[in-house]
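According to UniProt numbering, the residues represented by the sequence shown are 1 to 193, in order. C-beta: ideal position from N, C-alpha, C; glycine also. Here the structure is a predicted model, which means the values were calculated and not measured.
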Amino acid sequence: MSNQPGEYYTPERWQNWLDRIDEEDLEPEDDDTAQLLWNMQDDTAIAVVKVVSDFEEGVLDEEEALSEIEDMREVVLAEPEFEDEQALMLVDSVQTSLVCVFYAAEEFVVGGTAEDAPIGEYVGAAADAEAEEDLDTALSYCVQAGTLVVDGAEFDPSMAEEVEPGLVVQWVNGLDSLQTAMKDPEVVEEDDE
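Pasting the structure below:
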């Protein structure tokens with residue numbers, strides 16, 4: 001059953017993840033920490049996919065879909081109030097990855113799918129743009145790749161291993177979550193309050 005407008009991703013849902021981050025003893029190299037961050041990221045991507053899906057099915061019109069995505073983006077990208085610098089850094093990494101997810105969904109709603117090249121070429125072009133410090137162009141290429149993911153195209157997320165560490169790698173991680181959400185749009189497990 002589809003969500004009602006305003007219920008795709010509530011501030012409370014994001015806050016639950018932030019609370020878990022705040023309560024956990026986080027270790028960046030720890031598998032449990034990595035899994036928590038992936039779940040947090042995947043959960044948001046699933047909500048984005050549900051908006052896009054409802055848009056495609058006519059449950060939401062373009063304006064409503066864009067409004068839902070914008071509302072989600074404002075909640076998720078707001079700076080959390082952590083005193084722990086490490087927690088802030090880890091959440092910032094998730095937020096950075098999700099930037100591409102939000103913009104790809106908006107681009108898909110407004111303009112449909114990019115069709116000029118396969119995903120790998122977009123990621124390569126994004127990496128080249130980042131190397132030239134043209135981050136707007138790099139993000140644009142990743143967003144175009146994201147519209148293909150939303151349309152059902154698949155890519156191997158390990159392609160990020162061939163890219164120099166930086167924003168493009170994080171954006172491709174976001175696209176990996178988007179791809180996972182497209183395949184299995186079920187809510188990620190959250191601890192009970």
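Rounded C-alpha distance that separates residue i from residue j
i	j	result
Ile21	Ala87	7 Å
Met1	Trp14	Confidence in Met1 is poor, its pLDDT being 38 and thus under 50, which makes the residue's placement unreliable; the coordinate value appears in the next sentence. About 21 Å.
Glu107	Asp151	12 Å
Ala160	Val172	6 Å
Ser53	Glu162	31 Å
Leu83	Gly58	The amino acid at residue 83 is misidentified as Leu; the sequence shows Glu. Roughly 43 Å between the two C-alpha positions.
Glu164	Leu60	39 Å
Leu178	Val101	7 Å
Ala34	Pro28	7 Å
Glu63	Lys50	15 Å
Asp116	Ser158	22 Å
Glu132	Tyr103	22 Å
Asp30	Glu79	24 Å
Glu23	Glu85	14 Å
Ile69	Trp17	19 Å
Met89	Ala153	31 Å
Gly67	Thr180	First, the amino acid is wrong: residue 67 is Ser here, not Gly. Approximately 23 Å, taken between the alpha carbons.
Thr137	Glu130	8 Å
Asp32	Gly124	31 Å
Ser93	Leu77	11 Å
Asp128	Met182	27 Å
From the options, residue whose alpha carbon lies closest to that of residue i
i	options	result
Pro118	Thr147, Ala129, Gly111, Ile69	Thr147
Thr44	Val59, Glu7, Gly111	Glu7
Asp184	Asn39, Asp31, Asp19	Asn39
Gln95	Asp156, Asp30, Leu37, Asp32	Leu37
Val109	Ala138, Glu56, Asp25	Glu56
Leu135	Gly112, Glu23, Ala153, Leu167	Leu167
Gly111	Glu24, Asp31, Ala65	Ala65
Val91	Ser67, Leu139, Asp19	Asp19
Cys142	Glu68, Ile69, Ala126, Ala105	Ala126
Val149	Glu68, Asp32, Ala105, Glu70	Ala105
Residues near residue i by beta carbon distance below 6 Å, same chain, minus five either side
i	result
Gln144	Ala114, Tyr122
Tyr9	Ala47, Met72
Neighbourhood of residue i by C-beta, 7 Å cutoff - its chain only, sequence neighbours within 5 removed
i	result
Pro11	Val75
Gly120	Phe155, Met159
Leu26	Thr33, Gln86, Ala87, Leu90
Contact set for residue i: own chain, Cβ-Cβ below 8 Å, skip 5 residues either direction
i	result
Ser97	Gln41, Gln170, Trp171, Asn173, Gly174, Ser177
Leu139	Val99, Cys100, Tyr103, Ala126, Leu167, Trp171
List in chain order: all unbroken alpha helix (DSSP H) runs of 4+ residues lying wholly within the region 83–117. Listed in chain order, they are 85–111.
Which residue spans inside the region 3–37 form an unbroken alpha helix (DSSP H) run of at least 4? Runs found: 11–23.
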